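Be aware that the sequence shown starts at 25, since it is given in the working numbering, and climbs by one per residue.
Note sheet for the following structure.
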Amino acid sequence: MEQPNYGFNVIVKGGIEDVIAQTTAALGEEGFGILSDIDVAAAFKKKLDLEHRPYRILGACNPNLARQAVEADPNIGLLLPCNVLVQDNENGTCTVGFMDPVAVMGLVDKPGVEDLAGEVRHRLERVRLTLETG
Numbered sequence: 025m026e027q028p029n030y031g032f033n034v035i036v037k038g039g040i041e042d043v044i045a046q047t048t049a050a051l052g053e054e055g056f057g058i059l060s061d062i063d064v065a066a067a068f069k070k071k072l073d074l075e076h077r078p079y080r081i082l083g084a085c086n087p088n089l090a091r092q093a094v095e096a097d098p099n100i101g102l103l104l105p106c107n108v109l110v111q112d113n114e115n116g117t118c119t120v121g122f123m124d125p126v127a128v129m130g131l132v133d134k135p136g137v138e139d140l141a142g143e144v145r146h147r148l149e150r151v152r153l154t155l156e157t158g
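Written as structure tokens, this is what we have:
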């Protein structure tokens, strides 16, 4: 799968529920909790009566880093939490995609935000590596 310029991803063997559990555990090891879990396929079915492969957006947050970001810019909440996309490839694998906080936080011109974004990205890259190496 193509890497977007605003994120990075990894392909993980398994069904979506197992991959979400692995992803949530790996995020937890880096200090992130899941604030939201949006089931896009269910929303498409309910609102549009359309079938779609499983596609979930997890809202991940590291409270300590989020606090620092909010202190740097009270409006930064418009860009939080970090989105983690888990989509079923319908072949026994899922793609886990991570928002690149460096790309997204580049919109914010406040002291310290760039360093925070780099720290968040470093942690998300470790999550990606954990999922990649199984």
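We treat Cβ as the ideally placed atom computed from N, Cα and C, and that holds for glycine.
Note that the structure is a prediction, hence the values are computed from the model and not measured.
Give the straight-line distance between the Cα atoms of residue i and residue j, rounded to the nearest whole angstrom.
i: R145; j: K71; result: 34 Å
i: A84; j: G55; result: 10 Å
i: V39; j: S60; result: For the sequence presented, residue 39 should be read as Gly rather than Val. Going from the Cα of G39 to the Cα of S60 covers about 20 Å.
i: P78; j: V94; result: 33 Å
i: A67; j: D73; result: 9 Å
i: G52; j: L89; result: 14 Å
i: A45; j: I58; result: 11 Å
i: L104; j: G121; result: 16 Å
i: N86; j: E156; result: 21 Å
i: A65; j: T48; result: 20 Å
i: N115; j: L102; result: 35 Å
i: T117; j: P98; result: 39 Å
i: A50; j: G158; result: 10 Å
Tell me where the alpha helix (DSSP H) around residue i begins and ends.
i: K37; result: Note, K37: premise wrong, no alpha helix (DSSP H); beta strand (DSSP E) at 31-37.
i: V110; result: First-last for V110: 106-112, but that is the beta strand (DSSP E), not the alpha helix (DSSP H).
i: D42; result: 40-53
i: G142; result: 137-157
Among the options, which one has its Cα closest to the Cα of residue i?
i: Y30; options: M129, M123, L103; result: M123
i: G136; options: L59, V34, Q92; result: Q92
i: I100; options: V110, D133, E114; result: D133
i: V110; options: L102, L103, T119; result: T119
i: T154; options: V36, D97, L131; result: V36
Excluding the five sequence neighbours on either side, which residues of its own chain have a C-beta within less than 6 Å of the C-beta of residue i, listed in chain order?
i: D63; result: R80
i: M129; result: V137, A141
i: A96; result: K134, G136, V137
i: D112; result: I40, R77, P78, C118
Ignore the nearest five residues each way along the sequence and tell me which others in residue i's own chain have a CB closer than 7 Å to its CB.
i: G142; result: V126
i: E75; result: K69
Starting from residue i, trace the beta strand (DSSP E) in both directions and tell me its first and last residue.
i: F122; result: 117-123
i: L82; result: 79-85
i: L59; result: 57-63
How many whole angstroms separate the CB atoms of residue i and residue j, which I take to be in contact at a CB cut-off of 8 Å?
i: L140; j: C106; result: The pair is not a contact, with the Cβ atoms about 12 Å apart (cut-off 8 Å).
i: L82; j: V108; result: 4 Å
i: V34; j: R152; result: 5 Å
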